[in-house]
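**Student:** Got a structure for you, written out below as structure tokens; questions coming shortly.
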Amino acid sequence: MIRIEHLVKSFGDLEVLKDISTEVPTGQVVAIIGPSGSGKSTLLRCINLLEIPTAGHVFIDGMDITSPKCDILKVRQNIGMVFQHFNLFPHKTVIENLTYAPIKVRGLSKADASKLGLDLLAKVGLSEKANEYPSRLSGGQKQRVAIARALAMEPDIMLFDEPTSALDPEMVKEVLDVMKALANTGITMAIVTHEMGFAREVADRILFLDGGYLVEDAPPEVFFSSPKSDRAQQFLEKVL
Amino acid sequence: MNLDFSQILPSLPFILKGILVTLQFTLLSAILGFTLGTLLSLLKISNLKPLRWFAEFYTSIFRGTPLILQLALMYFATPQLTGYKITPIEAGVITFALNSAAYSSETIRAGIMAVDKGQREASMSLGVPYKLMMLDIILPQAFKNILPALVNESIALLKDSALVSTIGVLDLMRRAQVVAGQTFLYFEPLIVVGVIYYIMVMGLTQAAQVLERRMRRSD
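Line by line, the protein sequences are chains X and R.
So in my numbering, the last one in the first sequence is 269, and the numbering has no gaps at all.
So in my numbering, the last one in the second sequence is 297, and the numbering has no gaps at all.
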């Protein structure tokens, strides 16, 4: 479970997140949407402390990860993250990308990590690419490997930061399909996305951010059919 | 003008032994220098200002004074200062390693900065500790990018190693001078070691190209 309390994040004078409070119960899939510059990615990145909040608290399973006493490396092992630009390790093969952290961080044996890695590659439909380097893969394949890499840590929470924004249109679906399948496994997911159709179909809840405020928090059927705020109405008119 | 290489032929084995001395000296200085340079580069990107200041001050000293002066100081001043009778080869390796560390730390720092910050974020998000992240993820990519610059630095080290002849290390250069002194022939021995230096540098360049090709495998 993720709980966010009065979260504020500033970059210098610029306040990007303004007093955000919300909660994501275990197993829920939330889509975070909003115009660019609204603070969506920053909010997501505060959940695993890739950005350090200026004020407020983030709790993961009841533990305050913003507290100095918290071992953030330990917490991050339990929170997978998928990036817009994949960020695969280019000097490692696909299977090495998947097994590196499980071996070095979780302490799995090489054999166990390989088995887990190959299982995950099969799940994302890329078994035959195990020994390729990432540079030989298409964007969609890279992103599926990146998802598998995050899953190899067997996290309880997955964060997705615009996972399809850097992809060619015809590759978006293969990635969304993998994410859909994942959403049905009961893992907690937070997804920053511009794919409205996907958000509507997969998310249990929509968080709409604008100008650093959490403007709307509603189930997708409510949010997409009858948004309460003017800002959300304007936004939906433009993107739908 | 007449050149007579046959006169120095008996001294050839003596000169050739210098190859090993020069190579050993260069290799040792390069390994120590790049290791130290890597550590310095990590200080330079540290969040702690005093560490950055130290690394920058260190670099400025070694870049701001002549290498031959550093060498002379290390060799002649160490016994006076500490009472330890430093050997020429020790003084040479230490000086060259310290000096090369200053130069290579800048190159390595630039190489680290050039690695996409997404690599760091991906490592962090997987819970990889800083030390492992640097060793396994960031530095291998940084070194791949700066390999040509490091080869240049190694070539400079190899050629500059001739400076240790001034403190009496029997390297290639010194041996040429010894032979010249014995035979009163200067041109021939100097030409011979000149050719040897050239061949060694070419060999190093070739080896680097092979290494670079191997490292580009993943592209």
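Beta carbons are placed, not taken as given, at the ideal position from N, Cα and C, and that holds for glycine.
Tell me, please, whether the region 247-263 of chain X touches the region 199-211 of chain R by the rule of three or more beta-carbon pairs shorter than 8 Å.
**Tutor:** no
**Student:** In whole angstroms, what separates the C-alpha of residue 201 (chain X) from that of residue 193 (chain X)?
**Tutor:** In the first sequence, counting from the first residue as 1, residue 201 (chain X) sits at position 172. In the first sequence, counting from the first residue as 1, residue 193 (chain X) sits at position 164. Approximately 6 Å, taken between the alpha carbons.
**Student:** Under the three-state reduction of DSSP, which class applies to residue 243 (chain R): helix, strand or coil?
**Tutor:** Locating residue 243 (chain R) in the second sequence gives position 165, where the first residue counts as 1. It is helical.
**Student:** Could you check whether the Cβ of residue 244 (chain X) sits closer than 8 Å to any Cβ belonging to chain R?
**Tutor:** Position 215 of the first sequence holds residue 244 (chain X). Chain R, which has no Cβ nearer than 8 Å to the Cβ of residue 244 (chain X), makes this no.
**Student:** By how many angstroms is the C-alpha of residue 276 (chain R) removed from the C-alpha of residue 96 (chain R)?
**Tutor:** Here residue 96 (chain R) refers to the residue found at position 18 of the second sequence. Here residue 276 (chain R) refers to the residue found at position 198 of the second sequence. When rounded, the distance between both Cα atoms is 14 Å.
**Student:** Measuring alpha carbon to alpha carbon, tell me which residue in X:167, X:151 and X:214 is nearest residue 272 (chain X).
**Tutor:** Nothing in the structure corresponds to residue 272 (chain X), since chain X is present only between 30 and 269.
**Student:** Hey, residue 123 (chain X) and residue 152 (chain X): beta-carbon distance below 8 Å or not?
**Tutor:** Stepping through the first sequence from its first residue, residue 123 (chain X) is reached at position 94. Stepping through the first sequence from its first residue, residue 152 (chain X) is reached at position 123. No. Outside cutoff.
**Student:** Using a C-beta cutoff of 8 Å, does residue 226 (chain R) count as contacting chain X?
**Tutor:** Counting from 1 along the second sequence, the entry for residue 226 (chain R) is found at position 148. No, no contact with chain X.
**Student:** Residues in the same chain with beta-carbon distance under 8 Å from residue 146 (chain R), minus the five sequence neighbours each way, listed in chain order, please.
**Tutor:** By 1-based counting over the second sequence, the position of residue 146 (chain R) is 68. For residue 146 (chain R), where only same-chain residues beyond five positions count, the Cβ hits under 8 Å are 241 and 244.
**Student:** Quick one: which chain R residues come within Cβ less than 7 Å of residue 134 (chain X)?
**Tutor:** For the purposes of this step, residue 134 (chain X) is taken as the residue at position 105 of the first sequence. Here the neighbours are 204, 205 and 206.
**Student:** Beta carbon of residue 133 (chain R), beta carbon of residue 118 (chain R): below 8 Å?
**Tutor:** Here residue 133 (chain R) is taken as the residue at index 55 of the second sequence, counted from 1. Here residue 118 (chain R) is taken as the residue at index 40 of the second sequence, counted from 1. Yes, these two residues count as a Cβ contact at 8 Å.
**Student:** Looking at residue 146 (chain X): is its Cβ nearer than 8 Å to the Cβ of residue 117 (chain X)?
**Tutor:** Within the first sequence, numbered from 1, the residue matching residue 146 (chain X) stands at position 117. Within the first sequence, numbered from 1, the residue matching residue 117 (chain X) stands at position 88. For residue 146 (chain X) and residue 117 (chain X), no; Cβs fall outside 8 Å.
**Student:** Name the two residues that bound the continuous beta strand (DSSP E) containing residue 58 (chain X).
**Tutor:** Sequence index remark: in the first sequence, residue 58 (chain X) carries index 29 (1-based). That run of the beta strand (DSSP E) goes 58-62.
**Student:** Give me the DSSP bridge partner(s) of residue 224 (chain X).
**Tutor:** As a working note, residue 224 (chain X) is residue 195 in the first sequence. Partner(s): none; residue 224 (chain X) has no beta bridge.
**Student:** Note down the Cα distance separating residue 121 (chain X) from residue 138 (chain X), rounded to an integer number of angstroms.
**Tutor:** Within the first sequence, residue 121 (chain X) is the residue found at index 92, counting from 1. Within the first sequence, residue 138 (chain X) is the residue found at index 109, counting from 1. The alpha-carbon atoms of residue 121 (chain X) and residue 138 (chain X) are separated by roughly 18 Å.
**Student:** Pick helix, strand or coil for residue 50 (chain X), following the three-state DSSP scheme.
**Tutor:** By 1-based counting over the first sequence, the position of residue 50 (chain X) is 21. Strand.
**Student:** Let me check understanding here. Comparing Cα to Cα, which of X:115, X:249, X:217 and X:95 lies closest to residue 198 (chain R)?
**Tutor:** The residue labelled residue 198 (chain R) in the question sits at position 120 within the second sequence. Measuring from the Cα of residue 198 (chain R), the nearest candidate turns out to be X:115.
**Student:** If we count the other Cβ atoms within 10 Å of its Cβ and call it buried at 16 or more, is residue 162 (chain X) buried or exposed?
**Tutor:** Residue numbering aside, residue 162 (chain X) sits at position 133 when the first sequence is read from its first letter. Label assigned to residue 162 (chain X): buried.
**Student:** Applying the 10 Å Cβ sphere with the 16-neighbour rule, what's the burial state of residue 227 (chain X)?
**Tutor:** Translated into the one-based positions of the first sequence, residue 227 (chain X) becomes position 198. That one is buried.
**Student:** Say whether the region 166-181 of chain R touches the region 205-225 of chain R, bearing in mind that this needs 3 or more beta-carbon pairs closer than 8 Å, one atom from each stretch.
**Tutor:** Counting C-beta pairs closer than 8 Å gives fewer than three between the region 166-181 of chain R and the region 205-225 of chain R, which falls short of the contact rule.
**Student:** So which residues on chain X does residue 289 (chain R) lean against when the C-beta distance must stay under 9 Å?
**Tutor:** As a working mapping, residue 289 (chain R) is identified with position 211 in the second sequence. Those do not exist, as residue 289 (chain R) stays about 14 Å from chain X at its closest Cβ, beyond 9 Å.
**Student:** Quick check: residue 61 (chain X) and residue 78 (chain X), are their CB atoms within less than 8 Å of each other?
**Tutor:** In the first sequence, counting from the first residue as 1, residue 61 (chain X) sits at position 32. In the first sequence, counting from the first residue as 1, residue 78 (chain X) sits at position 49. The Cβ atoms of residue 61 (chain X) and residue 78 (chain X) do not sit closer than 8 Å to each other.
**Student:** Establish whether the CB of residue 95 (chain R) and some CB of chain X are separated by less than 8 Å.
**Tutor:** Counted from its first residue, the second sequence places residue 95 (chain R) at position 17. No, no contact with chain X.
**Student:** Identify, in the order they occur along the chain, each residue of the same chain with its Cβ nearer than 7 Å to the Cβ of residue 229 (chain X), setting aside the five sequence neighbours on each side.
**Tutor:** Along the first sequence, read from residue 1 onward, the residue named residue 229 (chain X) stands at position 200. Taken in chain order, the residues that qualify are 249 and 253.
**Student:** Is there a Cβ from chain X that is less than 8 Å from the Cβ of residue 215 (chain R)?
**Tutor:** For the purposes of this step, residue 215 (chain R) is identified with residue 137 of the second sequence, where counting begins at 1. Judged by the 8 Å Cβ criterion, residue 215 (chain R) is in contact with chain X.
**Student:** Counting only Cβ pairs nearer than 8 Å, list the residues of chain R close to residue 182 (chain X).
**Tutor:** On the first sequence, residue 182 (chain X) is found 153 positions in, with the first residue counted as 1. Those within 8 Å of residue 182 (chain X) in chain R are 204 and 205.
**Student:** Using the Cβ count rule (16 or more neighbours within 10 Å means buried), how would you classify residue 291 (chain R)?
**Tutor:** For the purposes of this step, residue 291 (chain R) is identified with residue 213 of the second sequence, where counting begins at 1. Classification of residue 291 (chain R): exposed, given that the 10 Å Cβ count is below 16.
**Student:** So, is the C-beta of residue 119 (chain X) closer than 8 Å to a C-beta in chain R?
**Tutor:** By 1-based counting over the first sequence, the position of residue 119 (chain X) is 90. Flagged as an interface residue toward chain R: residue 119 (chain X), by a C-beta distance shorter than 8 Å.
**Student:** Considering only residues of the region 122-199 of chain R, which uninterrupted beta strand (DSSP E) runs meet the minimum length of 3 residues and lie entirely inside it, listed in chain order?
**Tutor:** none
**Student:** Along chain X, which residues have their Cβ under 7 Å away from the Cβ of residue 218 (chain R)?
**Tutor:** Position 140 of the second sequence holds residue 218 (chain R). Those within 7 Å of residue 218 (chain R) in chain X are 120.
**Student:** What's the gap between the Cα of residue 359 (chain R) and the Cα of residue 114 (chain R)?
**Tutor:** A question about residue 359 (chain R) goes unanswered here, because the residues of chain R that appear run from 79 up to 297.
**Student:** Identify every residue that forms a DSSP beta bridge with residue 247 (chain X).
**Tutor:** Taking the first sequence and counting its residues from 1, one reaches residue 247 (chain X) at position 218. X:235.
**Student:** So with CB distances below 7 Å, who are the chain R contacts of residue 92 (chain X)?
**Tutor:** Position 63 of the first sequence, counted from the start, is the residue given in the question as residue 92 (chain X). What residue 92 (chain X) touches in chain R: nothing, since even the nearest Cβ is about 15 Å away.
**Student:** For the region 63-81 of chain X against the region 235-248 of chain X, do three or more pairs of beta-carbon atoms, one drawn from each stretch, fall closer than 8 Å, so that the two count as touching?
**Tutor:** yes
**Student:** Identify every run of the alpha helix (DSSP H) within the region 197-262 of chain R, keeping only runs that are complete inside it and at least 4 residues long; order them along the chain.
**Tutor:** 217-238 and 250-261
**Student:** Once you ignore the five residues that flank residue 108 (chain X) on each side, which residues in its own chain have a CB closer than 6 Å to its CB?
**Tutor:** Position 79 of the first sequence, counting from 1, holds the residue named residue 108 (chain X). Within the same chain, Cβ atoms closer than 6 Å to the Cβ of residue 108 (chain X) are found at 77, 184 and 186, the five residues on either side in sequence being excluded.
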